[in-house]
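Q:
Protein chains in written order, with my numbering: chain A, 1269 to 1711; chain B, 533 to 940.
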């Protein structure tokens, strides 16, 4: 999954007077906007709550994430897919989404949404905010995608104060491999959060294994599922094209982009990029893009993505190296980008993972036989491009992807989650079977 | 449109107040406190109050939360707060607790549960503050009586880092039911009242005059006591007997002489001058209406007076009560049914000089194990370790009960 971004505010000038006096206009306006956002959210929420109470008390479900849920990042796409299932027999009409930062500017999930102020780990303040927000409601269950401490504390507060069932859904690690990092979630808080969760989920086996090993509590796997309607029912024919390739997804780290561009310069292929090329976190130099022959198409709908990707011999997915130069070690070592199973399931196109051989992405494509992994090296990448463009190899990989894809269908996933939360364990073994015999690194 | 900077700054300050968000408008925690939760006021009118004052009375920064007024609000212990939840929802209870404790950072919680509200308050405090919590069961309200339901009691116990029980019987029963480890912490006596020498009454032992100790919790017990003492040839003084709502002349006709409550020093002096005490307890038969108390609760008065006066005790009632087990374990008394002949025999036995002195000596020897010195701190240290700091009280567990509880 693509992790929530860490945003740093613009640097402020040296202190020359009172705090307000030294705020630049932009910062001051940002703060004002944030305050107004909060105020409007509180007010509108309370207005709705009053209306609900007049109509009788409604059960609500709560979703807690770091930032907005939308289609522009992996966590948002997956969560929306799971919670917005149109054929769900008991659709969540009363979903309250709580987040702690605004990174994308829009949120489009649920009936209510609010950004609560960060508390910096102040448990009492977090309880106070949650009680003020939800008091008088009947909270049935909480789904939390933990990435920062506030999300865990808020989940604990709702579980405690409302007796709601809590489901932890770990997509990105900020604890096991993040030990000692400034944003790492403290072990004590993580342990309490997991203990209070009726159901613990992880997106892939490595993440599950790492958390089970550290905390001694059982997890189930809920992978990044793909839209059932977009999963081909047959094995698609190979695409023999020695001139083009596709690039999928976003970059978590500037160095990945820079290294990929440098490596692609010598590959001689035109690369069409489907993903967010206007990130607030990574600078995409048009000069580098041009030299690497990368043509950005931006984020496209999943339907179009499926159609587009099926027309290429391979899809490049950049990932971490896990070497000394790796900055996002915890993210890279234990995260599996959700676009990898998605691309394989909806297009069957072989995946060319660029990065370290011990990443979750590398293990995933190797296990399912749906691609290969090479380092950030022009010659290695060129060799892989040629192999994956071979019709026989491609047909074999497409066949493997077709088998894999059926296991990653989102059909009935909302119901599966609902039932699993109620049971406190996976409702059935569909995902355990999908990952049967999966080799988890023994680190 | 030109931006008026001062106006924006002013607006930000106003909005801070309106939204009450983040750190700008919230009151910082002023001081760290420990919270003691009890059903009623903490004062010297009842055993729980006396014991808690003994354990924590001299500590600073104690917040004392109760859910009921039974003594007109009289309390001289900590910062008193009364929190009542009634039938309110769980989130309303959490909000009430958060509001009541605003400005206070709760470090540790000791809950002496009796009412459902006590349990809810404790759970809320532990949740909101992440405070480490000790539950100290002094009176059963779950096993022999349905005062607190199982799910609430289980949640309280599971969230407690340390679980204490006032008697071996209570400890064993709760461990058996909830499959969680408990530790035994008996009632205490204040060190300042503990004599280092044996006290022997100066009056002759054949006076056949004793003293009633303890509370007559069941309305049956006074009647049983009167019937037992009447025409037995034994007479009893009864401090607090004036509170029984029975005409004094009727009691005197039965050989029971009521008088007003005595201050502790005075009472101890009186007991040291007498040959035996009588502690009415439960019959534990089909007519028993205070089984939860008689079977499991160790009367704090019994320990207190044994340690400070060494007076031998006749426990009236069943031999299966916690009080009976205690006097027999330490050899400081005997048990008699509510039967005149049986009672007379017990008095005859206990007033034999050698028997009486031997019991007193055993009382003197046992007294040092029930002294209050440092016991409050012992509880805090045990809470930090999540287990008994040392075996001083565990070693007092009767072997039979200890082995039954040892399965946990």
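All C-beta atoms, glycine included, are put in the ideal place defined by N, C-alpha and C.
Would you say residue 553 of chain B lies against chain A (beta-carbon separation less than 8 angstroms)?
A: Only weak support exists for where residue 553 of chain B lies, its pLDDT of 41 falling under 50; the value from the coordinates is given anyway. Closer than 8 angstroms: yes.
Q: Quick one: grab the DSSP three-state call for residue 1635 of chain A.
A: Residue 1635 of chain A: helix per DSSP, three-state reduction.
Q: Quick one: which residues of the segment 1419-1449 of chain A get their C-beta closer than 8 angstroms to a C-beta of chain B? List them in chain order.
A: Flagged, chain order: 1424, 1425, 1428, 1429, 1430 and 1431.
Q: Does the distance from the C-beta atom of residue 1577 of chain A to that of residue 1539 of chain A stay below 8 angstroms?
A: No. Outside cutoff.
Q: Could you pull out every residue in the same chain whose Cβ sits closer than 6 angstroms to the Cβ of residue 1345 of chain A, ignoring the five residues on either side in sequence?
A: Excluding residues within five positions, the ones whose Cβ falls inside 6 angstroms are 1339.
Q: With DSSP as the reference, label residue 913 of chain B as helix, strand or coil.
A: Looking at residue 913 of chain B - three-state DSSP - the assignment turns out to be helix.
Q: Per the contact definition of three or more C-beta pairs closer than 8 angstroms, is the segment 674-683 of chain B in contact with the segment 645-661 of chain B?
A: Because the criterion of three Cβ pairs below 8 angstroms is met, the segment 645-661 of chain B and the segment 674-683 of chain B touch.
Q: Are there 16 or more other CB atoms within 10 angstroms of the CB of residue 929 of chain B, so buried, or fewer, so exposed?
A: It is buried - the Cβ of residue 929 of chain B has at least 16 other Cβ atoms within 10 Å.
Q: Give every residue of the same chain whose Cβ lies closer than 7 angstroms to the Cβ of residue 1552 of chain A, excluding the five residues on either side of it in the sequence, and list them in chain order.
A: Within the same chain, residue 1552 of chain A has close Cβ partners 1525 and 1545.
Q: For the beta strand (DSSP E) that residue 741 of chain B lies in, which residues bound it at each end?
A: Note, residue 741 of chain B: beta strand (DSSP E), 741-744.
Q: Strictly under 8 angstroms for the Cβ-Cβ distance: is residue 1392 of chain A near chain B by that measure?
A: So, interface residue.
Q: Which whole-angstrom value describes the C-beta separation of residue 1702 of chain A and residue 1675 of chain A, a residue pair presumed to lie in contact below a C-beta threshold of 8 angstroms?
A: Confirmed, Cβ separation roughly 4 angstroms.
Q: Which chain B residues sit within Cβ distance under 9 angstroms of residue 1403 of chain A?
A: 621, 623, 624, 626 and 627, listed in chain order.
Q: Using CA coordinates, which residue listed in B/776, B/661 and B/651 is at the minimum distance from residue 683 of chain B?
A: Comparing Cα-Cα distances from residue 683 of chain B to each of B/776, B/661 and B/651, the minimum goes to B/651.
Q: Kindly list the residues whose CB is nearer than 7 angstroms to the CB of residue 1476 of chain A, restricted to its own chain and excluding five residues on each side of it in sequence; keep chain order.
A: Once the five neighbours on either side are set aside, the close Cβ partners of residue 1476 of chain A are 1470, 1487 and 1489.
Q: Quick check on this structure: which residue in B/669, B/881, B/572 and B/848 has the alpha carbon closest to the alpha carbon of residue 941 of chain B?
A: In the structure as shown, chain B begins at 533 and stops at 940. Residue 941 of chain B is therefore absent and cannot be evaluated.
Q: Below 6 angstroms CB to CB, which residues in the same chain sit around residue 1453 of chain A once its five sequence neighbours on both sides are set aside?
A: The residues are 1417, 1442 and 1443.
Q: Classify residue 812 of chain B: buried if its beta carbon has 16 or more other beta carbons within 10 angstroms, exposed otherwise.
A: It is buried - the Cβ of residue 812 of chain B has at least 16 other Cβ atoms within 10 Å.
Q: What distance in whole Å lies between the Cβ atoms of residue 742 of chain B and residue 947 of chain B, which are believed to be in contact at a cut-off of 8 angstroms?
A: The structure shown does not extend to residue 947 of chain B, since chain B is modelled only from 533 to 940, so the question has no answer here.
Q: Name, going along the chain, the residues of the segment 885-910 of chain B whose beta-carbon falls closer than 9 angstroms to a beta-carbon of chain A.
A: Listed by position along the chain: nothing, the set is empty.
Q: Any C-beta of chain B within less than 7 angstroms: which residues of the segment 1324-1357 of chain A qualify?
A: Answer set for the segment 1324-1357 of chain A: empty.
Q: Spell out the partners DSSP gives residue 597 of chain B in its beta bridges.
A: Answer by DSSP bridge pairing, in chain order: B/569 and B/613.
Q: By DSSP, does residue 780 of chain B sit in helix, in strand, or in coil?
A: Note: residue 780 of chain B maps to helix in three-state DSSP.
Q: With a threshold of 8 angstroms between beta carbons, is residue 1462 of chain A in contact with chain B?
A: Judged by the 8 angstroms Cβ criterion, residue 1462 of chain A is not in contact with chain B.
Q: Only counting the same chain, and skipping five residues up and downstream in sequence, which positions put a Cβ closer than 6 angstroms to that of residue 1312 of chain A?
A: With a pLDDT of only 49 at residue 1312 of chain A, under 50, the local geometry of the prediction cannot be trusted, and the value read off the model is given with reservation. Cβ within range, chain order: n/a, list empty.
Q: Exposed or buried, which one is residue 1606 of chain A when buried takes at least 16 other CB atoms within 10 Å?
A: With 16 or more other Cβ atoms within 10 Å, it is buried.
Q: Check each candidate in A/1569, A/1394, A/1537 and A/1370 and name the one with the smallest Cα separation from residue 1558 of chain A.
A: Residue 1558 of chain A has its Cα closest to that of A/1537, out of A/1569, A/1394, A/1537 and A/1370.
Q: Which runs of the alpha helix (DSSP H) spanning at least 4 residues fall entirely within the segment 631-664 of chain B, listed in chain order?
A: 648-661, all fully within the segment 631-664 of chain B.
Q: Determine the extent of the beta strand (DSSP E) in which residue 1409 of chain A is found, giving its start and end residues.
A: Residue 1409 of chain A -> beta strand (DSSP E) spans 1406-1412.
Q: Name the chain B residues that come within less than 8 angstroms of residue 1395 of chain A, Cβ to Cβ?
A: Chain B residues near residue 1395 of chain A: 626, 630, 659 and 660.
Q: Taking residue 1541 of chain A as part of the alpha helix (DSSP H), name the residues at either end of that continuous run.
A: Not the alpha helix (DSSP H): residue 1541 of chain A falls in the beta strand (DSSP E), residues 1538-1542.
Q: Leaving out the 5 sequence neighbours to the left and right, which residues in its chain are closer than 6 angstroms to residue 1519 of chain A when beta-carbon positions are compared?
A: Counting only Cβ-Cβ distances below 6 angstroms, and skipping sequence neighbours, we find 1525 and 1550.
Q: Given residue 1589 of chain A, which residues of its chain have a CB within under 6 angstroms of its CB, disregarding the five upstream and five downstream residues?
A: Correct list, in chain order: 1623 and 1624.
Q: May I have the straight-line CA-CA distance separating residue 763 of chain B from residue 755 of chain B, to the nearest angstrom?
A: Computed Cα separation, rounded: 14 angstroms.
Q: Please identify the residue among A/1693, A/1705 and A/1682 whose C-alpha is closest to the C-alpha of residue 1351 of chain A.
A: Here the closest residue by C-alpha is A/1682.
Q: Please report the distance separating the alpha-carbon of residue 821 of chain B from that of residue 828 of chain B.
A: Roughly 13 angstroms between the two C-alpha positions.
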